[in-house]
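Heads up, the thing below is written out as structure tokens.
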Amino acid sequence: MSAENQATNRIAAAWLLTDMILVSAMTALVKLEGATYPAIQIVFIRSLIGLVSVLPLAWRFRKEVFGTRRAGRHAFRVACNAIALTSNFLSLTLLPLALVSAISFTRPFVVMIFAVILLGEKVRAVRWVGTAIGFLGVLVIVAPGSVSWNIGLLAAFSSVVFGSLASVQIRALKDENTAVLMVFYSVGLSVVTAIPAVLYWQPVALADWSILLAIGVLAQLGQYCYLRAYQMAPANFLAPLSYLTLVFATATGYLFFNEVPAGTTVLGVAIILLALHMTNLLSRS
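One gets this note's numbering by counting positions in the sequence shown from 1 and adding 210 to each.
Given below as structure tokens:
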């Protein structure tokens, strides 16, 4: 790998890490508000705030938005996000939150597979090994066999598959204006969540609007960082780094909600960090 590509990958990794930090902060705020308002309502408000925030971009880049020649791929990405989001909500109603979160960390492995199949990206053997070891760390946390197969598990894995497809589409749209990607995503997410949010709507207290606004802003900033990362670097390079989300989630739970991680969680995180270190170290050789 050339020095220029290495530098680009480092910048992309920084974008992705920034996204993880922003999303962790957003998750903490959602956890605070989740006891009062339905999750779908919070998601809709978040997406609506995101939509409002991209309106200036939509106007500024209106020629690019309406003149894109990749409307079909944009639509496919939005559809994948819609299915992933719907599946995720279904799994959350049928499975423990910790299990759903752990299953979501199989996404980097699925992203790498789709990147090879759909984009023709080349994946070095060391990345496959590193990702497989990271996946074993997730298995330690999940403890397979403790949960019987049901629709909830099917929905959780469906969310992973379609979410991975959406991530790969971002890489395929790497030459597209980032603002265009954000506009299509914000509009699509708002449309998808509008009807269920109305059905389960709860009146929002005036004091809570500031937190809900922060959720929307953090989500939108995170989305921008995520898009920049996947536009700059190959999906197979970024996918293993996504395991660090688990570390951020564990730290957030411990620092803000006094959630002491179980021994299996600590072991799983240690395995994931070891896999990431090994992958990055050997990839440079």
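Backbone N, C-alpha and C define an ideal beta-carbon position, used for all residues, glycine too. Keep in mind the model is a prediction, meaning the values are calculated, not measured.
Could you pull out every unbroken alpha helix (DSSP H) segment of at least 4 residues lying fully inside the segment 403-460, listed in chain order?
-> Taken in chain order, the complete alpha helix (DSSP H) segments of 4 residues or longer contained in the segment 403-460 are 419-442, 445-451.
Grouping DSSP H, G and I as helix and E and B as strand, with all else coil, what is V470?
-> The three-state reading of DSSP puts V470 in coil, since its state is none of H, G, I, E or B.
Among A268, F324, Y247, G344, nearest to A312 - alpha-carbon criterion = The residue with the shortest Cα to Cα distance from A312 is G344.
What are the boundary residues of the alpha helix (DSSP H) that P248 is part of?
-> Unbroken run through P248: none, as it is neither H nor E.
Separation of L454 from G463, as counted between CA atoms | Approximately 14 angstroms, taken between the alpha carbons.
Do you know how far the Cα of Y410 is from the Cα of P248?
-> Near 7 angstroms, if we compare the C-alpha coordinates of Y410 and P248.
With DSSP collapsed to three states, give me the class of T218.
-> T218: helix per DSSP, three-state reduction.
Note down, one range per segment and in chain order, each beta strand (DSSP E) of at least 3 residues found wholly within the segment 331-400.
-> Restricted to the segment 331-400, not a single beta strand (DSSP E) segment is unbroken, complete and at least 3 residues in length.
For P450 and T341, believed in contact at Cβ under 8 angstroms, the rounded distance = Contact check for T341 and P450: beta-carbon distance about 5 angstroms, within the 8 angstroms limit, so the pair qualifies.
Within 10 angstroms of its Cβ, does F467 collect 16 or more other Cβ (buried), or is it exposed?
-> Residue environment for F467: exposed (fewer than 16 other C-beta atoms within 10 angstroms of its C-beta).
Please report how far the alpha carbon of A365 lies from the alpha carbon of A224, in whole angstroms.
-> It is roughly 31 angstroms from the alpha-carbon of A365 to the alpha-carbon of A224.
Terminal residues of the alpha helix (DSSP H) in which R280 lies = Run containing R280: none; DSSP gives neither H nor E here.
For A320, which residues of its own chain have a beta-carbon under 8 angstroms away from its beta-carbon, when the five flanking residues on both sides are left out?
-> Contrary to the premise, residue 320 reads as Val rather than Ala in this sequence. These residues qualify, in order along the chain: V370, V371, S374.
Buried or exposed (CB count within 10 angstroms, at least 16 for buried), Q216 = When all chains shown are included, Q216 counts as exposed.
Could you check which residue in A376, A480, F394 has the C-alpha nearest to that of F324?
-> Between F324 and the set A376, A480, F394, the nearest pair of CA atoms involves A376.
The alpha helix (DSSP H) enclosing F520, as first and last residue numbers | There is simply no residue 520 to check, as the chain begins at 211 and stops at 495 in what is shown.
Alpha carbon to alpha carbon, how far is L448 from A439? Give it in angstroms, no decimals.
-> The straight-line gap from Cα to Cα measures roughly 8 angstroms.
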